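One structure is given here, and the rest of the page talks about it.
There are 2 protein chains.
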Amino acid sequence: MMTNITLAHGNGGQENNELITKIFYKAFKNEILAKSEDAAVIEDGTLAFSTDSFTVSPIEFPGANIGKLAVCGTCNDLAMMGAQPKYLTCSVIIEEGFEVEVLKRIVDSMEKELALNGAIVVSGDTKVVPKGSVDKIFINTTGIGQIQQKGISSNSIQEGDTIIVSNSIGKHGATIFAAREGIDFSTNLKSDCASLWQVVKKLIESGIQIRALRDATRGGVSAVLNEWAKQSDICVEIEEEKIPVCDEVKGVCELLGFEALSLANEGTFVMAISKEQEEKAIEVLKEMEISSEASIIGTVTSKHKGKVILNTAWGTQRFIDLPTGELLPRIC
Amino acid sequence: MMTNITLAHGNGGQENNELITKIFYKAFKNEILAKSEDAAVIEDGTLAFSTDSFTVSPIEFPGANIGKLAVCGTCNDLAMMGAQPKYLTCSVIIEEGFEVEVLKRIVDSMEKELALNGAIVVSGDTKVVPKGSVDKIFINTTGIGQIQQKGISSNSIQEGDTIIVSNSIGKHGATIFAAREGIDFSTNLKSDCASLWQVVKKLIESGIQIRALRDATRGGVSAVLNEWAKQSDICVEIEEEKIPVCDEVKGVCELLGFEALSLANEGTFVMAISKEQEEKAIEVLKEMEISSEASIIGTVTSKHKGKVILNTAWGTQRFIDLPTGELLPRIC
Numbered sequence: 001m002m003t004n005i006t007l008a009h010g011n012g013g014q015e016n017n018e019l020i021t022k023i024f025y026k027a028f029k030n031e032i033l034a035k036s037e038d039a040a041v042i043e044d045g046t047l048a049f050s051t052d053s054f055t056v057s058p059i060e061f062p063g064a065n066i067g068k069l070a071v072c073g074t075c076n077d078l079a080m081m082g083a084q085p086k087y088l089t090c091s092v093i094i095e096e097g098f099e100v101e102v103l104k105r106i107v108d109s110m111e112k113e114l115a116l117n118g119a120i121v122v123s124g125d126t127k128v129v130p131k132g133s134v135d136k137i138f139i140n141t142t143g144i145g146q147i148q149q150k151g152i153s154s155n156s157i158q159e160g161d162t163i164i165v166s167n168s169i170g171k172h173g174a175t176i177f178a179a180r181e182g183i184d185f186s187t188n189l190k191s192d193c194a195s196l197w198q199v200v201k202k203l204i205e206s207g208i209q210i211r212a213l214r215d216a217t218r219g220g221v222s223a224v225l226n227e228w229a230k231q232s233d234i235c236v237e238i239e240e241e242k243i244p245v246c247d248e249v250k251g252v253c254e255l256l257g258f259e260a261l262s263l264a265n266e267g268t269f270v271m272a273i274s275k276e277q278e279e280k281a282i283e284v285l286k287e288m289e290i291s292s293e294a295s296i297i298g299t300v301t302s303k304h305k306g307k308v309i310l311n312t313a314w315g316t317q318r319f320i321d322l323p324t325g326e327l328l329p330r331i332c
Numbered sequence: 001m002m003t004n005i006t007l008a009h010g011n012g013g014q015e016n017n018e019l020i021t022k023i024f025y026k027a028f029k030n031e032i033l034a035k036s037e038d039a040a041v042i043e044d045g046t047l048a049f050s051t052d053s054f055t056v057s058p059i060e061f062p063g064a065n066i067g068k069l070a071v072c073g074t075c076n077d078l079a080m081m082g083a084q085p086k087y088l089t090c091s092v093i094i095e096e097g098f099e100v101e102v103l104k105r106i107v108d109s110m111e112k113e114l115a116l117n118g119a120i121v122v123s124g125d126t127k128v129v130p131k132g133s134v135d136k137i138f139i140n141t142t143g144i145g146q147i148q149q150k151g152i153s154s155n156s157i158q159e160g161d162t163i164i165v166s167n168s169i170g171k172h173g174a175t176i177f178a179a180r181e182g183i184d185f186s187t188n189l190k191s192d193c194a195s196l197w198q199v200v201k202k203l204i205e206s207g208i209q210i211r212a213l214r215d216a217t218r219g220g221v222s223a224v225l226n227e228w229a230k231q232s233d234i235c236v237e238i239e240e241e242k243i244p245v246c247d248e249v250k251g252v253c254e255l256l257g258f259e260a261l262s263l264a265n266e267g268t269f270v271m272a273i274s275k276e277q278e279e280k281a282i283e284v285l286k287e288m289e290i291s292s293e294a295s296i297i298g299t300v301t302s303k304h305k306g307k308v309i310l311n312t313a314w315g316t317q318r319f320i321d322l323p324t325g326e327l328l329p330r331i332c
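Sequences listed follow chains A and B, in order. No gaps in the numbering here: position 41 of the first sequence is 41 in the UniProt record's numbering, and each next residue is one more. No gaps in the numbering here: position 83 of the second sequence is 83 in the UniProt record's numbering, and each next residue is one more.
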């Protein structure tokens, strides 16, 4: 651990995990936190509870704004534990001088997205800080959800399981990068920011037993799969040609040397299920717009426990590691 | 509503209420939010749920730091609804370059204060933003508590009720002001920052039926009493000479023209109970260190509904209004 916090400590990857483990988990240690899930499971497994602070820059970008992102982000963390989002808190920190019209747009987006989740904001907090103490607006949303399918966990993936991604990857990260740099890569590129509860609900109602589920936010699909490989002590092998990546995201990656697998998503999840259910799951996912490009990208083996292996289109193999370094700060 | 957000919009007083009502309540409206309590009551009255973001400056000050404040603040909001703090989330936004040693001190303070409440942190989020995007560190804590006494509400205070403050007022506000300005008013002045659940628990166990309860944070005792007067449609009459204010706080107020009643507290509450229970309540409160200066400061009448009247030591009367203007930004 260094003496000062660096941008890498917020990357959703290796340094971020180190900071969380060595400072926060160490002080706060308890069984629930130790599970390292997207949301805490409390009250005898009936409720899920999760928090997220949003610092995205710019605050408005193609496909969403910080308000929509704040509702999607927290509701999705609940949905990833099989929970229906129910109650949210909303805490905003606003810079002196911020435009009221922009605030209204942000809050309106939150309202719309709450309705899609069937959730309500029941408590809030508003702080205004002097100019220069915060960049425009930061939003914290914390949510409680009612668990509809128990047992979903990053710690229980088994050999032979199938790995699915729900849609084409990397769009949120590529969009924020393009918007921030003022680069107009394409008029078609926009964030995948979306609420995932309706998709999860459909999977549960269709009888799919979800083993593990996680939205691939900071650190992207790489971070999710690496954490799963370690937490469940398994090897994940994925096939490069099966990973859906749109041309616009490919363009950003080629131009800038990014890896689509490490780019952030805000409406795309990774799921582990038993092989027997993979066809049924893909069928259900493809029926819905936001998971229409769902794809089986790999399988769980015991080849290199704790590791993620990418089988490339050229027949070679390489490890995909937990992302490290600065990546993109303020991506969410 | 102006076109741009001003510091007054975060004052815990009139402009703050206007921002909350016109922007947030308007978009998010629902029955729970409309109650305007310190914490939302959910799940058939069994759980309380509350959020707070902390932006205090300086982050370390006599009596506490931002970490202790973040745990006390949210746990106290739960306690004010008669709820035992149970689960907290902790979301931090850290400025690049922040010292790891200071972060450890903050997190250690949180750990100690959690233990006093019997609560645990079950979910967290860590964001690091580039230098200049946030001033040092902001912390959001959101908590769930188990309600031990139902029916506590700012909307149900009755004529004849007694108003009690749990301790001498204004210490947090005066301390932050002194610390920020580098003024050494006194070596004895420190924030009252403390967890209040143990005091509330003792009151409940002693058979006190609490009508309304609120920690007097931003906007101080003035803000609490004005909100109660409006929400319960009653008049609150308080006696100046009964309000406990220590010499150090009096000094700050005289020097700078502040009103102790409007200064923030972080470990002092205002309580409304029936007149029959006032003696018993004072007895219970005085037994505990953090409420040893508890005092009956007034009574509920119907003289000017929606208003707070101060009977001064000189025998005159004046209205105490909801605080307005900039007050002290970043007080909590």
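Every residue, glycine too, gets a C-beta built ideally from N, C-alpha and C. Predicted model only: the values in this text are computed from it and were never measured.
- Per DSSP, reduced to three states, the secondary structure at residue 321 of chain A is coil, with no helix or strand assignment.
- Proximity of residue 42 of chain A to chain B, defined by a Cβ-Cβ separation below 7 Å, is satisfied.
- For residue 273 of chain B, the pairing in a beta bridge is given by DSSP as B:162 and B:210.
- Legend: CB atoms of the region 202-219 of chain A lying less than 7 Å from CB atoms of chain B are not found in any residue.
- Counting C-beta pairs closer than 8 Å gives fewer than three between the region 233-242 of chain B and the region 130-144 of chain B, which falls short of the contact rule.
- About 19 Å separates the Cβ atoms of residue 191 of chain B and residue 135 of chain B, ruling out a contact at the 8 Å cut-off.
- Listed in chain order, the beta strand (DSSP E) elements of length 3 or more contained wholly in the UniProt domain "PurM-like N-terminal" (37-146) of chain B are 40-42, 47-54, 83-95 and 120-129.
- The beta-carbon of residue 98 of chain B is placed less than 7 Å from the nearest beta-carbon of chain A.
- Between residue 214 of chain B and residue 224 of chain B, the beta carbon gap of about 5 Å places them in contact (Cβ cut-off 8 Å).
- Counting along the chain, the unbroken beta strand (DSSP E) around residue 311 of chain A starts and ends at 308-311.
- Here DSSP, grouped into helix, strand and coil, assigns residue 291 of chain A to helix.
- A check of alpha carbon separations from residue 238 of chain B across B:287, B:87, B:197 and B:318 identifies B:318 as the nearest.
- Cα atoms of residue 255 of chain A and residue 222 of chain A: separation of roughly 20 Å, rounded to the nearest angstrom.
- For residue 9 of chain B, the closest Cβ of chain A is nearer than 7 Å.
- Any Cβ of chain A closer than 7 Å to the Cβ of residue 105 of chain B would place that residue at the interface, and such an atom is absent.
- Relative to residue 122 of chain B, the option among A:283, A:274, A:281 and A:24 whose CA is nearest is A:24.
- Per DSSP, the beta-bridge partners of residue 300 of chain B are B:236.
- Using a CB distance cut-off of 7 Å, residue 93 of chain B counts as an interface residue toward chain A.
- In chain A, no part has a C-beta under 9 Å from the C-beta of residue 83 of chain B; the shortest such distance is about 12 Å.
- The alpha carbon of residue 118 of chain A has as its nearest neighbour, out of A:196, A:41, A:133 and A:107, the alpha carbon of A:196.
- The Cβ neighbour count for residue 160 of chain A, taken over all protein chains shown within 10 Å, is under 16; the residue is labelled exposed.
- Here residue 4 of chain A is bridged, per DSSP, to B:99.
- Residue contact with chain B for residue 275 of chain A: absent (no Cβ-Cβ distance below 7 Å to any residue of chain B).
- Interface annotation for the region 133-149 of chain B against chain A: 133, 134, 135, 138, 140, 142 and 144, criterion Cβ-Cβ distance under 8 Å.
- Beta-bridge partners of residue 247 of chain B (DSSP): none assigned.
- The region 77-93 of chain B and the region 43-51 of chain B touch, with three or more beta-carbon pairs separated by less than 8 Å.
- In this chain, the alpha helix (DSSP H) harbouring residue 181 of chain A covers 171-181.
- Residue environment: residue 93 of chain B is assigned as buried (16 or more neighbouring CB atoms within 10 Å of its CB, all protein chains considered).
- Within chain A, the residues whose beta carbon sits less than 7 Å from that of residue 16 of chain B are 126, listed in sequence order.
- By the neighbour-count criterion, in which a residue is buried when 16 or more other Cβ atoms sit within 10 angstroms of its Cβ, residue 2 of chain A is exposed.
- With fewer than 16 neighbouring CB atoms inside 10 Å of its own CB, residue 184 of chain A falls in the exposed class.
- Taking all protein chains shown into account, residue 158 of chain A has fewer than 16 neighbouring C-beta atoms within 10 Å of its C-beta and is therefore exposed.
- Under the DSSP assignment, residue 265 of chain A falls outside any alpha helix (DSSP H); it carries neither an H nor an E label.
- Rounded to the nearest angstrom, the Cβ distance from residue 27 of chain B to residue 110 of chain A is 7 Å, consistent with a contact under 8 Å.
- Taking a C-beta cut-off of 9 Å against chain A, none of the residues of the region 224-250 of chain B qualify.
- Beta-bridge partners assigned by DSSP to residue 215 of chain B: B:269.
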